[in-house]
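Notes to accompany the following structure.
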Amino acid sequence: MTPAGARSLHRLTSEPERTVAIYLHGGSPDEPVAAARVLSRASGFAGALAGEGRPRPAAVAAICLYPGLNLHAAWLGALWAGYVPTMIAPPSPRMEPAKYAAGFRAMAGHLGADAWVLDDAAAGLLGAAAGDLGRRVLVAEAVDDAAWAGRTFSDTGDLDAIAVLQHSSGTTGLQKAIGLTSRQILAHEDAYARALDMSARDTVVSWLPLYHDMGFVACFLMPLLRGMRLVEMSPFDWVRQPLRLLDAIQQYSGTLCWLPNFAFAFLAGARERAGDRGPWDLSPIRAWTNSSAPVMASSVARFLEAYADSGVTRNQLTASYAMAENVYAVTQSQPGAFREARVDREAFSRHVLQPDPGEAGLALVSNGPALETTEVRIVTPEGADLPEGRGGEILLRGACRFVGYVGRPDLTAAAIDGGWYHTGDLGALLDGELFVTGRAKDLVIVQGRNFYPGDLEAAAAEIPGVAPGRVAAFGVSDEATGTEKLVILFERDSGSDDPESAIALRLRAHIAQTFNCAAGEVRAVPPRWLVKSTSGKVARADNRAKYLAHVH
Amino acid sequence: MDVPVITALVRELFLQNDPAIPLSPGDDLLQIGVCDSLGLVQLTTELERRLPGLRVHDAEVTADNLGSIGRISEFLGRK
Chain H
1 MTPAGARSLH RLTSEPERTV AIYLHGGSPD EPVAAARVLS RASGFAGALA GEGRPRPAAV
61 AAICLYPGLN LHAAWLGALW AGYVPTMIAP PSPRMEPAKY AAGFRAMAGH LGADAWVLDD
121 AAAGLLGAAA GDLGRRVLVA EAVDDAAWAG RTFSDTGDLD AIAVLQHSSG TTGLQKAIGL
181 TSRQILAHED AYARALDMSA RDTVVSWLPL YHDMGFVACF LMPLLRGMRL VEMSPFDWVR
241 QPLRLLDAIQ QYSGTLCWLP NFAFAFLAGA RERAGDRGPW DLSPIRAWTN SSAPVMASSV
301 ARFLEAYADS GVTRNQLTAS YAMAENVYAV TQSQPGAFRE ARVDREAFSR HVLQPDPGEA
361 GLALVSNGPA LETTEVRIVT PEGADLPEGR GGEILLRGAC RFVGYVGRPD LTAAAIDGGW
421 YHTGDLGALL DGELFVTGRA KDLVIVQGRN FYPGDLEAAA AEIPGVAPGR VAAFGVSDEA
481 TGTEKLVILF ERDSGSDDPE SAIALRLRAH IAQTFNCAAG EVRAVPPRWL VKSTSGKVAR
541 ADNRAKYLAH VH
Chain B
1 MDVPVITALV RELFLQNDPA IPLSPGDDLL QIGVCDSLGL VQLTTELERR LPGLRVHDAE
61 VTADNLGSIG RISEFLGRK
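In the order they appear, the protein sequences are chains H and B. Each step along the first sequence adds one to the number in the numbering used here, with nothing skipped, and position 301 is 301. Each step along the second sequence adds one to the number in the numbering used here, with nothing skipped, and position 37 is 37.
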């Protein structure tokens with residue numbers, strides 16, 4: 001077991017009576033769980049995963065479960081048994097069984113995990129194919145708590161061995177596995193806890209999925225390592241009953257809550273819809289952390305207005321800029337120091353942040369200062385440093401920065417240069433605070449989940465009737481929902497007799513089945529409408545601009 | 001609210017009002033990628049706006065009740 005594993009184990013063994021987590025289930029009573037129970041369940045998983053021997057060095061264990069005690073315990077058990085654990089998004093059971101199994105196999109092939117933990121339902125859907133996923137495939141419900149009985153865990157003391165994996169892409173695009181060492185995880189824990197003054201007095205309330213860095217680090221690792229109590233509901237339950245999050249904060253006196261930007265708009269909308277619900281007492285909250293790039297001033301303003309009668313104040317608002325490549329947080333603003341800046345729109349289009357306090361100014365939200373372990377620089381495309389108030393690419397380095405993409409030295413070399421990680425995000429510094437303003441790389445973020453246009457375009461190209469190489473996928477910001485709308489434009493294959501609308505619907509269904517994501521708009525464009533670069537690739541930024549000018 | 005009106009609403013909310021996209025009452029809106037579960041919430045809001053007196057509880061916003069045009073029509077009939 002790595003030192004990070006030893007720290008988590010120590011937390012649980014030193015306070016066996018402490019309530020570690022309270023799981024909120026749809027339709028059944030809340031389930032408080034003590035440290036001793038987590039310890040016993042996680043030990044069971046450790047025993048079942050280790051079997052007779054030890055895992056080979058750096059063997060990966062993929063944990064693919066829905067929220068609850070088994071998910072937490074399986075991840076911990078894998079860590080303690082000497083595996084490198086990683087959280088994997090369970091594929092949508094709404095998919096057709098054949099696609100479900102194929103998607104799962106592709107994911108397993110990518111990941112190369114030695115061990116898998118699934119639930120009964122997933123194992124049932126996969127049937128015999130489940131056994132081929134890895135050397136050891138466990139069904140969580142069948143794991144016996146006593147499987148580790150009589151054995152002990154030992155700390156390797158190796159701070160620089162990879163302890164856990166995160167993935168840069170939310171779900172399917174597993175091509176970039178980020179290895180994090182104990183040294184990085186513990187440095188992040190220390191710095192981030194100080195940034196928000198986190199302690200055992202805190203209660204974190206969350207609906208965030210654990211296969212994404214915000215849920216995994218802020219709402220699982222941090223509570224685990226710092227001894228904060230966690231109140232957790234599943235993303236599925238939250239979407240259906242968003243106000244239950246607020247019921248839980250009131251009932252359990254929640255003090256910390258991390259949310260992606262769209263959730264602020266969504267919660268405001270939920271209150272507007274349910275005019276007869278509330279108010280709540282949300283005054284125990286010390287910090288609502290909007291962790292998005294960029295944070296939208298309009299979403300935050302709607303949230304403040306909708307819950308002003310429930311004790312939500314501007315002083316509780318904070319913002320963060322975060323990514324798995326830095327364990328999680330790069331920056332974090334303090335409660336009481338939520339800062340907006342109005343800047344001149346025309347100057348902003350030239351990457352200059354020039355204050356314009358008038359109504360016509362563009363409202364930007366600060367993501368806060370960098371954590372003390374992290375240095376941030378803003379550079380031109382040529383790599384020259386930019387002064388304060390000038391926008392460029394955000395670079396970072398420090399004690400939490402990842403070492404590289406596992407098994408991909410090519411991608412690592414492209415991303416880290418002279419110790420500095422090139423984030424691909426755009427931003428500017430003002431008075432030492434980072435304002436994240438956009439992205440240099442073509443990433444689409446829908447409801448907090450990252451999608452790579454290349455993955456989406458490759459999937460679209462599989463649809464009969466779509467002209468080869470003539471698809472563009474990109475995101476368009478949508479103020480009403482506080483997130484991006486995924487737009488896919490395609491040209492019809494000249495050999496196809498199918499109507500464009502039928503092809504568009506097939507494409508939608510394929511994207512939904514493959515990525516578990518509903519496209520906001522799928523549209524056929526005339527032949528040769530899509531702009532290609534000189535190298536013959538579809539130029540996404542140009543097509544996005546053309547779409548906004550002519551189609552939208 | 002009958003099937004053609006609901007179909008028109010679904011087109012308006014999620015399909016940029018494109019009348020050509022074939023939609024039938026039995027199509028599973030989530031499975032065919034017309035919307036996601038947040039889209040069902042958006043749809044509910046719009047139904048409540050257009051049908052004064054309609055109140056849909058959060059717990060009722062499920063694919064069982066609203067996952068296809070046919071199911072939406074039946075659900076509204078029951079309310």
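Idealized CB from N, CA, C, for every residue including glycine.
For the beta strand (DSSP E) that contains residue i, what are its first and last residues?
i: Pro-85(H); result: 84-87
i: Gly-118(H); result: Checking the sequence shown, residue 118(H) turns out to be Leu, not Gly. Start and end: 115-118.
i: Phe-435(H); result: 433-439
i: Val-525(H); result: 521-525
i: Pro-29(H); result: 28-34
i: Asn-17(B); result: Taken as a continuous stretch (DSSP letters only), Asn-17(B) belongs to no beta strand (DSSP E), as it is neither H nor E.
i: Asn-450(H); result: 449-451
i: Val-60(H); result: 60-63
i: Arg-314(H); result: Segment: none, Arg-314(H) is in no beta strand (DSSP E) and carries neither H nor E.
Applying the 10 Å Cβ sphere with the 16-neighbour rule, what's the burial state of residue i?
i: Ser-168(H); result: buried
i: Arg-544(H); result: buried
i: Cys-369(H); result: The question names Cys, yet the displayed sequence has Pro at residue 369(H). Result: buried.
i: His-57(B); result: exposed
i: Pro-97(H); result: exposed
i: Gly-275(H); result: exposed
i: Asp-553(H); result: Chain H is shown only over 1 to 552; residue 553(H) falls outside these bounds and no answer can be derived.
i: His-550(H); result: exposed
i: Thr-171(H); result: Since pLDDT at Thr-171(H) reaches only 39, below the 50 mark, its modelled position is unreliable, and no value is offered.
i: Leu-225(H); result: buried
i: Tyr-292(H); result: The question names Tyr, yet the displayed sequence has Ser at residue 292(H). With 16 or more other Cβ atoms within 10 Å, it is buried.
i: Ala-541(H); result: exposed
i: Arg-50(B); result: exposed
i: Leu-548(H); result: exposed
i: Pro-526(H); result: exposed
i: Ser-24(B); result: exposed
i: Asp-213(H); result: buried
Output, in chain order, the set of chain B residues within a Cβ distance shorter than 9 Å of residue i.
i: Pro-242(H); result: Val-41 and Asp-58
i: Gln-447(H); result: Asp-36 and Leu-38
i: Gly-482(H); result: Ordered by position in chain B, no residue passes the 9 Å Cβ test against Gly-482(H), which lies about 11 Å from the chain.
i: Phe-266(H); result: Leu-38 and Val-41
i: Gly-269(H); result: Val-41, Gln-42 and Thr-45
i: Ile-511(H); result: Gly-33
Just to check my reading of the structure: residue i and residue j have Cβ atoms closer than 8 Å, yes? What is that Cβ distance to the nearest angstrom?
i: Ser-299(H); j: Arg-339(H); result: Not quite, the Cβ-Cβ distance comes to about 16 Å (not below 8 Å), so this is no contact.
i: Ala-48(H); j: Ala-147(H); result: 5 Å
i: Leu-66(B); j: Leu-40(B); result: 5 Å
i: Leu-267(H); j: Pro-242(H); result: 6 Å
i: Gly-391(H); j: Thr-437(H); result: 6 Å
i: Val-84(B); j: Arg-508(H); result: Because residue 84(B) is not part of the residues shown, which for chain B are 1 to 79, the question remains open.
i: Pro-85(H); j: Phe-104(H); result: About 18 Å; that fails the 8 Å criterion.
i: Arg-397(H); j: Glu-375(H); result: 5 Å
i: Asp-442(H); j: Phe-474(H); result: 7 Å
i: Leu-13(B); j: Ile-21(B); result: That belief does not hold up - the Cβ atoms of Leu-13(B) and Ile-21(B) are roughly 13 Å apart, past 8 Å.
i: Phe-236(H); j: Gln-166(H); result: Between Gln-166(H) and Phe-236(H) the Cβ distance is about 22 Å, and since that is not below 8 Å, they are no contact.
Starting from residue i, find everything on chain H with Cβ-Cβ shorter than 9 Å and list it in chain order.
i: Thr-7(B); result: What Thr-7(B) touches in chain H: nothing, since even the nearest Cβ is about 14 Å away.
i: Val-61(B); result: Val-239, Arg-240 and Gln-241
What span of residues does the alpha helix (DSSP H) with residue i cover, start to end?
i: Asp-190(H); result: 182-195
i: Pro-468(H); result: Note, Pro-468(H): premise wrong, no alpha helix (DSSP H); beta strand (DSSP E) at 466-478.
i: Gln-251(H); result: 244-252
i: Asn-543(H); result: 540-550
i: Asn-65(B); result: 63-66
i: Phe-104(H); result: 97-111
i: Gln-166(H); result: Here Gln-166(H) belongs to no alpha helix (DSSP H); instead the beta strand (DSSP E) covers 162-167.
Residues of chain B with a CB under 8 Å from the CB of residue i: which are they?
i: Arg-508(H); result: Ile-32, Gly-33 and Val-34
i: Ala-518(H); result: Phe-14, Leu-30, Gly-33, Val-34, Cys-35, Asp-36 and Gly-39
What does residue i reach in chain H if we use C-beta pairs closer than 7 Å?
i: Ile-83(B); result: Absent from the structure is residue 83(B), since the part of chain B shown begins at 1 and ends at 79.
List the residues of chain H that residue i touches, going by C-beta distances under 8 Å, in chain order.
i: Glu-48(B); result: Arg-273
Anything in chain B within Cβ reach of residue i, meaning under 7 Å, just list it in chain order.
i: Glu-521(H); result: Gln-16
task = Report yes or no: do the region 34-41 of chain H and the region 244-251 of chain H share at least 3 C-beta pairs separated by less than 8 Å?
result = no
task = Inspect the CB distances between the region 405-425 of chain H and the region 340-355 of chain H and report whether three or more fall short of 8 Å.
result = no
key: the region 459-478 of chain H in contact with the region 3-10 of chain B per 3-pair CB rule at 8 Å   = no
query = With contact counted as at least three CB pairs below 8 Å, one residue from each stretch, are the region 438-456 of chain H and the region 486-497 of chain H in contact?
reply = yes
query = So, do the region 512-529 of chain H and the region 415-428 of chain H have three or more beta carbon pairs nearer to each other than 8 Å?
reply = no
query = How about the region 2-11 of chain H and the region 175-192 of chain H: do they share at least three Cβ pairs that are nearer than 8 Å?
reply = yes
task = Specify whether the region 226-239 of chain H and the region 10-30 of chain H touch according to this definition: at least 3 beta carbon pairs, one from each stretch, less than 8 Å apart.
result = yes
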